[in-house]
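Numbering (mature numbering (1 follows the signal peptide of the UniProt record, and there is no 0)), first residue to last: -22 to -1, 1 to 614.
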Amino acid sequence: MVVIRIASLLAFVFVQWSCALAVDFQDKVKPLLAKYCVECHQGDDARGQVDLEQLTAENAAEHYQVWESVAERLRTREMPPEDELQPSEQQRLDFLQWYDQTLVRSVQSRPATLRPRRLCAVEYRNTMRTLFGFDLEVAIVEAEQTVIEKSLVMKLLPPDPPGKSGFCNDTQWAPLTTELWDQYSYLADAAIEELFSSKRRELLEKIVGPVGDQGLTAVQAEVLVNDFAARAYRRPVRHVTSDVLLDLDSQTEVLTATKFALKRILMSPQFLYRSLGTETQTAADGRTGRLAVDDYEFAQRLSYFLWADMPDEELFKAAREGKLSSPEQIRQQIDRMIDSPKSISLSTDFAHQWLTLGEVEKNNVQVPEAEALRSQPRDFMRYLFQEDRPLIELIDSRVAFANPYTQGFYGDDRKQMKRYRKAAGIEREIVPNEKITLQKTVERGGILTMPGILAMNKGPILRGVWILERILGEHLPEPPPDVGQVPPAPKGVKMTFRQRFEQHRANSACAVCHNKIDPLGFALQRYEGAKFQKTGSVDTTGQLPSGETFNDFQELKSILVTSKRRQVIKNIVERTLSYAVCRKLELFDRPTVDAITDKLNQTDGTYRDLVYEIAISVPLREAMVQTSLSDDKESQ
């Protein structure tokens, strides 16, 4: 009765944990909340939309993120506010011990339930391109001063909205609409027709051998369909019999039947969705329902994480030969894959969505300038992954990327760049970036002072919010509906925006968030737009809620890479892991996040180290599956 015994043991452990959680909560946590927190954080009007009155020991796990926020505020002394009654040091310690030792340590790492997930538009485009060996393109001439999407797939498929994770590859709950199905059908027909066209004859013959004047034979059709099915389904499949093909006499009938077979594959759930047909292997400890995914599923997880594309032949070969098990084998594949041009998706897709680089396009700048501003952080993120830089270099780096449209931001350091000569007759054109080393431009370096990031976040509030959410990983509630505008200066009185803003944030409901936002944003006040003001009276001083003070952005950056270092690294880990697993992270992911964060923080981990740690982690290597009734009976 193995299942019954395991269930009984789990129930016993859960009861013991629940009792300990309840006792500590009643004795130490509830009194603290009641005395110092609930007055401002209860009901529909709770400050920051954080209602602590409803929290109990029983629903602690359900509201884990709230507890995490409360613990962080108490730990950094952001809460209660300075002008409110403060808990004693022992009370703070008691709460943090309850949180760290009772709540956090009770959480057991486990994988998510295995669910099929539809390929997002970018993944579908890349997979079709790899599968066929060519990209379906729109017949259009691209001018030098424009950036045009040539992919027919990206032109026709509706964009995937971000899922709960904030990433567009989070499609496990996205519907397969009639519109999408029709576009899949059209694209499948277009790709198949092009495969059999004269201009793609060489690609076809690489699979089936020389094709005579009479066209594809039935035997060649069988080879093609079987090869295509295995690659399209991204795992071995049962041999597709060609009885129907072999019985056909007419070459036209063979071609028609072959096209039909290929389209059937392209319209199948096994192609359009990931994780269908995945085989699982019982985990080493024999836990029921928690299984290790097979090598083919793991290969897919790696390839769609690093390439947003299906595995290549070398990765398929490693899966087929069982060479995706040892740390050395996995690290070797990761290095190879990041070195591949396909890993550009880590910057064009992952970093683009994480850093909201699409907002650059909304700044009403012309295409060459917009592309220059947008490509800087993209190229920088690609550099961090490809050259295996330390994680914290996201904030502080001596490397930048510039072209003729952005070189003016880098002073004398731009002299390192090659002299640009515009082609005759071309007024403006897209120009690639060059890598430069920042030796004299001390006000630049790292993602925060890149012109594109500054330009899309105009003003201290937007900049502060962006740093808080995208770099530090904190989530802000919606502002109060009656927040109002920053009042103008009284007539005849000269006031800076910061001075006028002090009146606005006097509202206690606003101050809760602005105490965190404003110091970060005002530290960048010398960056007017994207340009840096070296002279003039500008107040860039600030104090973080956790107590650190600074005089300018350089000192703030120093704080971010020292006392805020773990928080920055944790956010990088969370964003990357969430993108890798294509879903919002849950409570059971917390042990994985903490373990990776601590290891990389202590060892000055790099971006390839991060990818490796994610690749060998529970969320990527395992899955929760529902065992059938027959399986349960057999195990009893």
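From the three backbone atoms N, C-alpha and C, an ideal C-beta is built for every residue, glycine too.
The structure displayed is predicted, hence computed values, not measured ones.
Leaving out five residues before and five after residue i in sequence, what residues of the same chain have Cβ atoms less than 8 Å from its Cβ?
i           : result
A99         : V131, M132, L135, P136, P137, D138, C146
R55         : P523, S524, G525
residue 618 : As shown, the chain starts at -22 and ends at 614. That puts residue 618 outside it, with no answer to give.
Y388        : A378, A380, I414, L416, T419, R422
V16         : L30, E31
K8          : none
A261        : Confidence is the limiting factor: at A261 the pLDDT is only 46, short of 50, which leaves the residue's position unreliable, though a coordinate-based value still follows. Hits under 8 Å: R268, L269, A270, E600.
L158        : L135, P136
L74         : A49, L52, R53
W45         : L33, A38, Y77, L81
Q503        : P438, R476, V516, D517, T518
Determine the contact status of residue i and residue j, defining contact as a CB-CB distance below 8 Å.
i           : j    : result
R544        : T570 : no
residue 662 : S323 : Any question about residue 662 goes unanswered here, given that the chain covers just -22 to 614.
E600        : K577 : no
R399        : A380 : no
L81         : A38  : yes
L450        : V546 : yes
L498        : R441 : yes
R356        : T326 : yes
F510        : T519 : no
Y14         : A49  : no
R252        : Y282 : yes
Q150        : C488 : no
V603        : L254 : no
S84         : R103 : no
R476        : D517 : yes
L10         : P58  : no
V338        : A329 : no
G26         : V490 : yes
I243        : A207 : yes
Considering only DSSP beta bridges, list what residue i is partnered with.
i    : result
F249 : Its beta-bridge partners do not exist; DSSP assigns none.
L324 : None, per the DSSP bridge assignment.
S129 : E115
E412 : A380
Q521 : T527
P368 : T584
M602 : T91, R268
F174 : Its beta-bridge partners do not exist; DSSP assigns none.
F510 : Y505
G386 : Partner(s): none; G386 has no beta bridge.
G442 : In the DSSP output, where bridge partners are listed per residue, G442 has none listed.
G190 : G193
R96  : Y251
Taking only heavy atoms of the ligand NAD into account, decide whether any of them is closer than 7 Å to the Cβ of residue i.
i   : result
Q86 : Among the components modelled here there is no ligand, and therefore nothing to report on the ligand NAD.
Report the CB separation of residue i from residue j in whole angstroms; it is logged as a contact under 8 Å.
i    : j    : result
D530 : A558 : With 8 Å as the limit, D530 and A558 do not qualify as a contact, their Cβ atoms being about 36 Å apart.
A593 : L280 : 6 Å
L33  : H41  : 6 Å
K396 : E407 : Not confirmed; about 15 Å, so no contact.
F249 : A210 : 5 Å
G144 : Q331 : 7 Å
T105 : D287 : 6 Å
F3   : A35  : 4 Å
V589 : L333 : At roughly 18 Å, the Cβ-Cβ gap does not stay under 8 Å, so V589 and L333 are not in contact.
P429 : V409 : Actually they are not in contact, since the Cβ atoms of P429 and V409 sit about 15 Å apart, beyond 8 Å.
R178 : F112 : 7 Å
Q233 : G193 : A small fix is needed here, since residue 233 is Leu in this sequence, not Gln. Contact flag correct, Cβ pair sits at about 6 Å.
Output needed for residue i: all residues of its chain with C-beta closer than 6 Å, excluding positions within five of it in sequence on either side, in chain order.
i    : result
P368 : D582, T584
D263 : Residue placement at D263 cannot be trusted, given a pLDDT of 48 that sits under 50; the coordinates are not used to answer.
V186 : Q198, V201, L202
A277 : P289, L293, A297
W444 : N435
Q394 : I414
Q307 : K301
S175 : none
Skipping 5 residues on each side, what residues in its chain have a beta carbon closer than 7 Å to that of residue i?
i    : result
D273 : A297, G300, L302
P597 : P89, A90, L555, V559, D567, T570
M245 : Y162, S163, A166
E62  : none
F110 : A169, L173
P305 : I594
- Taking contact to mean at least 3 C-beta pairs separated by less than 8 Å, is the stretch 531 to 546 in contact with the stretch 69 to 80? Because the criterion of three Cβ pairs below 8 Å is not met, the stretch 531 to 546 and the stretch 69 to 80 do not touch.
- Task: Determine, using beta-carbon pairs with one atom in the stretch 576 to 594 and one in the stretch 351 to 367, whether at least three such pairs fall under 8 Å.
- Result: At 8 Å Cβ cutoff, the stretches touch.
- Task: Report yes or no: do three or more beta-carbon pairs, one from the stretch 367 to 379 and one from the stretch 420 to 427, lie closer than 8 Å?
- Result: Yes, they touch.
- Could you say if the stretch 428 to 435 and the stretch 487 to 495 meet the contact criterion of at least three C-beta pairs nearer than 8 Å? Contact between the stretch 428 to 435 and the stretch 487 to 495 is absent, because fewer than three Cβ pairs lie under 8 Å.
- Task: Spell out a yes or no on whether the stretch 201 to 215 and the stretch 232 to 247 are touching, meaning 3 or more CB-CB pairs, one atom from each, closer than 8 Å.
- Result: They touch, by the three-pair rule.
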